[in-house]
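Notes follow the structure.
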Amino acid sequence: NDEQFKNVISHAKEYGFVFQSSEIYDGLSAVYDYGQLGAELKNNIKTYWWKAMVQMHENIVGIDSAIFMHPKVWKASGHVDGFNDPMIDNKDSKKRYRADQLLENKIDELYAELANFSAENKAKFESFQQEILGLSDEGQAAWIPSFKDENGILDNAKYPFVDEASWRFVKKGLALEVEMNLALKSENLAQLKDLIVDYKVICPISKTSNWTDVRQFNLMFSTQFGAMAEGSDEVYLRPETAQGIFVNFLNVQKSGRMKIPFGIAQIGKAFRNEVIARQFIMRMREFEQMEMQFFVRPGEDKKWFEYWKEARLKWHKALGTKPEKYRYHDHVKLAHYANAATDIEFEFPFGFKEVEGIHSRTDFDLTQHQEYSGKKMQYFDNDLNEEGKPYGNYVPYVIETSIGLDRMFLLTMINAFEEQDLSTEDKQDSRTLLRLHPALAPYKVAVFPLTKKDGLPEKAREIMEELKFDFNCIYEEKDAIGKRYRRQDAVGTPFCITVDHQSLEDNTVTIRHRDSMEQQRVAIADLGDIVGKAVSW
Ligand code: ATP
6 NDEQFKNVIS
16 HAKEYGFVFQ
26 SSEIYDGLSA
36 VYDYGQLGAE
46 LKNNIKTYWW
56 KAMVQMHENI
66 VGIDSAIFMH
76 PKVWKASGHV
86 DGFNDPMIDN
96 KDSKKRYRAD
106 QLLENKIDEL
116 YAELANFSAE
126 NKAKFESFQQ
136 EILGLSDEGQ
146 AAWIPSFKDE
156 NGILDNAKYP
166 FVDEASWRFV
176 KKGLALEVEM
186 NLALKSENLA
196 QLKDLIVDYK
206 VICPISKTSN
216 WTDVRQFNLM
226 FSTQFGAMAE
236 GSDEVYLRPE
246 TAQGIFVNFL
256 NVQKSGRMKI
266 PFGIAQIGKA
276 FRNEVIARQF
286 IMRMREFEQM
296 EMQFFVRPGE
306 DKKWFEYWKE
316 ARLKWHKALG
326 TKPEKYRYHD
336 HVKLAHYANA
346 ATDIEFEFPF
356 GFKEVEGIHS
366 RTDFDLTQHQ
376 EYSGKKMQYF
386 DNDLNEEGKP
396 YGNYVPYVIE
406 TSIGLDRMFL
416 LTMINAFEEQ
426 DLSTEDKQDS
436 RTLLRLHPAL
446 APYKVAVFPL
456 TKKDGLPEKA
466 REIMEELKFD
476 FNCIYEEKDA
486 IGKRYRRQDA
496 VGTPFCITVD
506 HQSLEDNTVT
516 IRHRDSMEQQ
526 RVAIADLGDI
536 VGKAVSW
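To convert, note that position 269 of the sequence shown is 274 in UniProt numbering; the numbers rise steadily by one, no gaps.
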């Protein structure tokens, strides 16, 4: 799987899909550029999403809000105070890690819960405390056998999500506290949550002399607005596109005369100063999101959450991906603004990972903006309820669907990439294929003259001139025809059209299908229809 992932990354570079940003200067960490074919594929994914969300839903409209927003937006949304990753530096290796607050929170919670424990569980817990506190430091370490051996080495086979960890037990009144420093592989929080449940309060982390303290690290990038004096007018690069939708909720509702339930969609860049950024375009510092906020009546949020949960998975599967590659991951522990949340996960070569989040965000965001801006964020609903009375004024509830465009891009590349063995008894042969859905393919059609003479290039050009109004086409006359086919297979072009001498006589060409490699003789006049049908949405 590692090998496959590496192959996809080098393929993406070799064929002009993705380049490292500022590569000639050795790159900028977790920032990438999309090349000539990557830009096409990315645009096609955007279009597929936009059409499915905006064009196909009469009650969803799309906007394009600015990346810069008033600094108060991020106060209201909770990002200034809460959009943090706990961070820890290893002084020896000079590496920075994302420790996790989650464990600490969980311990706090459990201590708070202690008051409500049944007598039996309280007794169990207290005997556990006694048992641990009676042990020496080494004994404590040994007591939690699966985390660390006596040399302080982590058992990574068992806990592959922990990069480095250490712990120390401290007596605090009645309770046992665990002072912890934990460096996690940030992608694996779900596993960690499971572990916490398993271990109840036994969170085995402490600090060794080589670690700095855990510090909160805000993930937002900030910059200075205008030529202002020091310290004033700090603005942020938005860490999500959603807030641009919330602050425009009433503008869109009023100008578009939208009736609840309705949605506002947006595609745009977001920026997060991720502490650990890795796995190619999986976790970037500059990335793009495709988000839709769906405004509903209070009380109808759960229904719509279920609706969007299903609708979004359907969208993914409609691209022809194997259904078993996808799964839901329902959140148990919810963000402060949510009353339900699920991730749509895809099985990447490095495991099941989130591609899209569906969140029931309650009225949190609009209420916060109402409070911070002093402007009413209410909707007047004059439909009649069951008692025959108008619903009246309320702050709508919101269901959010939020998908990372770059992760979707990576998913698409991984899913499409195939090294196909075409060997026969006499001859070894293979080809690299991008089995992209034709609607997503960067080029829909490649047009080839069989040879560079006898008027074939001119005829091929003629066809190209005709088709290019409707489809992104590429013209190629260099190299043998077989080689040209292979090149197009490798970038996912669903159709290759070859012009030969017969074409000059009867206005027919061969059309070759990427996946089956079958060739058909068809009339030039029919090409538009054949291609059009295959690449339509
Ligand atoms: P993660 O847990 O992976 O950090 P998240 O839960 O913070 O993601 P959301 O805030 O829900 O993600 O953002 C919605 C979507 O945006 C994610 O499902 C993901 O596809 C994408 N996304 C988030 N952070 C990044 C990133 N750093 N690089 C690329 N895509 C991202």
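The C-beta atom is built at its ideal place from N, Cα and C for all residues, glycine as well.
Boundaries of the alpha helix (DSSP H) around V496: I486 to V496. When DSSP states are grouped into helix, strand and coil, S70 belongs to the coil group.
Between the alpha carbons of L410 and T429 lies a distance of about 40 Å. Relative to the ligand ATP, the beta carbon of Q294 is positioned inside 8 Å of a heavy atom. DSSP places E293 within a strand segment (E or B) once states are collapsed to three. By the beta-carbon neighbour count (other beta carbons within 10 angstroms, threshold 16), Y448 is buried. Remark: C-beta atoms of V257 and V66 approach each other more closely than 9 Å. No residue range can be given for D434, since it is assigned to no alpha helix (DSSP H) and is classified by DSSP as neither H nor E. E481 has its alpha-carbon roughly 16 Å from the corresponding atom of D459.
Beta bridge pairing from DSSP links K274 with E293.
Using a cutoff of 8 Å, the CB of V360 counts as near the ligand ATP, since one of the ligand's heavy atoms is closer than that. Between the alpha carbons of F10 and R436 lies a gap of roughly 17 Å.
At a cut-off of 8 Å, the beta-carbon of G409 counts as near the ligand ATP: some heavy atom of the ligand is closer than that. Here DSSP, grouped into helix, strand and coil, assigns L242 to strand. According to the DSSP assignment, P454 belongs to the beta strand (DSSP E) that extends over V450 to P454. For S15, the closest alpha carbon among the candidates E245, I286 and Q248 is that of I286. In the displayed model, I65 falls within a strand according to three-state DSSP. Within its own chain, the residues whose Cβ lies closer than 6 Å to the Cβ of H364, once the five positions on either side in sequence are excluded, are A343, A346 and E405, listed in chain order.
Residue environment: W542 is assigned as exposed (fewer than 16 neighbouring CB atoms within 10 Å of its CB, all protein chains considered). Rounded to whole angstroms, the separation of the alpha carbons of Y53 and S27 is 30 Å. With a cutoff of 9 Å on beta-carbon distance, A275 and F292 are scored as near each other. A contact between stretches requires three or more CB pairs, one per stretch, nearer than 8 Å, and the stretch 70–87 meets this requirement with the stretch 238–255. Closer than 8 Å to some heavy atom of the ligand ATP: that does not describe the Cβ of I14.
In this structure, the CA atom of G362 is about 31 Å from the CA atom of D388. T367 places its beta carbon less than 9 Å from that of D306.
For P395, there is no enclosing alpha helix (DSSP H); the residue is found in the beta strand (DSSP E) stretching over P395 to Y399.
Within the DSSP secondary-structure output, Q298 pairs in a beta bridge with I269 and E405.
Between the ligand ATP and the CB of A81, the shortest heavy atom gap is not smaller than 8 Å. In the same chain as S34, and ignoring 5 residues on each side of it, the C-beta atoms closer than 8 Å to its own belong to A282 and R290, in chain order. The alpha-carbon separation between E45 and K488 amounts to approximately 23 Å.
Taking a cut-off of 8 Å for Cβ pairs, the stretch 346–355 and the stretch 374–389 do not touch, as fewer than three such pairs fall below it. Comparing alpha carbon positions, the residue from A247, P443 and D370 closest to I50 is P443.
For the pair T246 and N278, the Cα-to-Cα distance works out to about 15 Å. Distance from the CA of E523 to the CA of E470, rounded to the nearest whole angstrom, comes to 25 Å. Assigned with DSSP and collapsed to three states, T515 falls in strand. Under the three-state reduction of DSSP output, G21 falls in the coil class, being neither helix nor strand.
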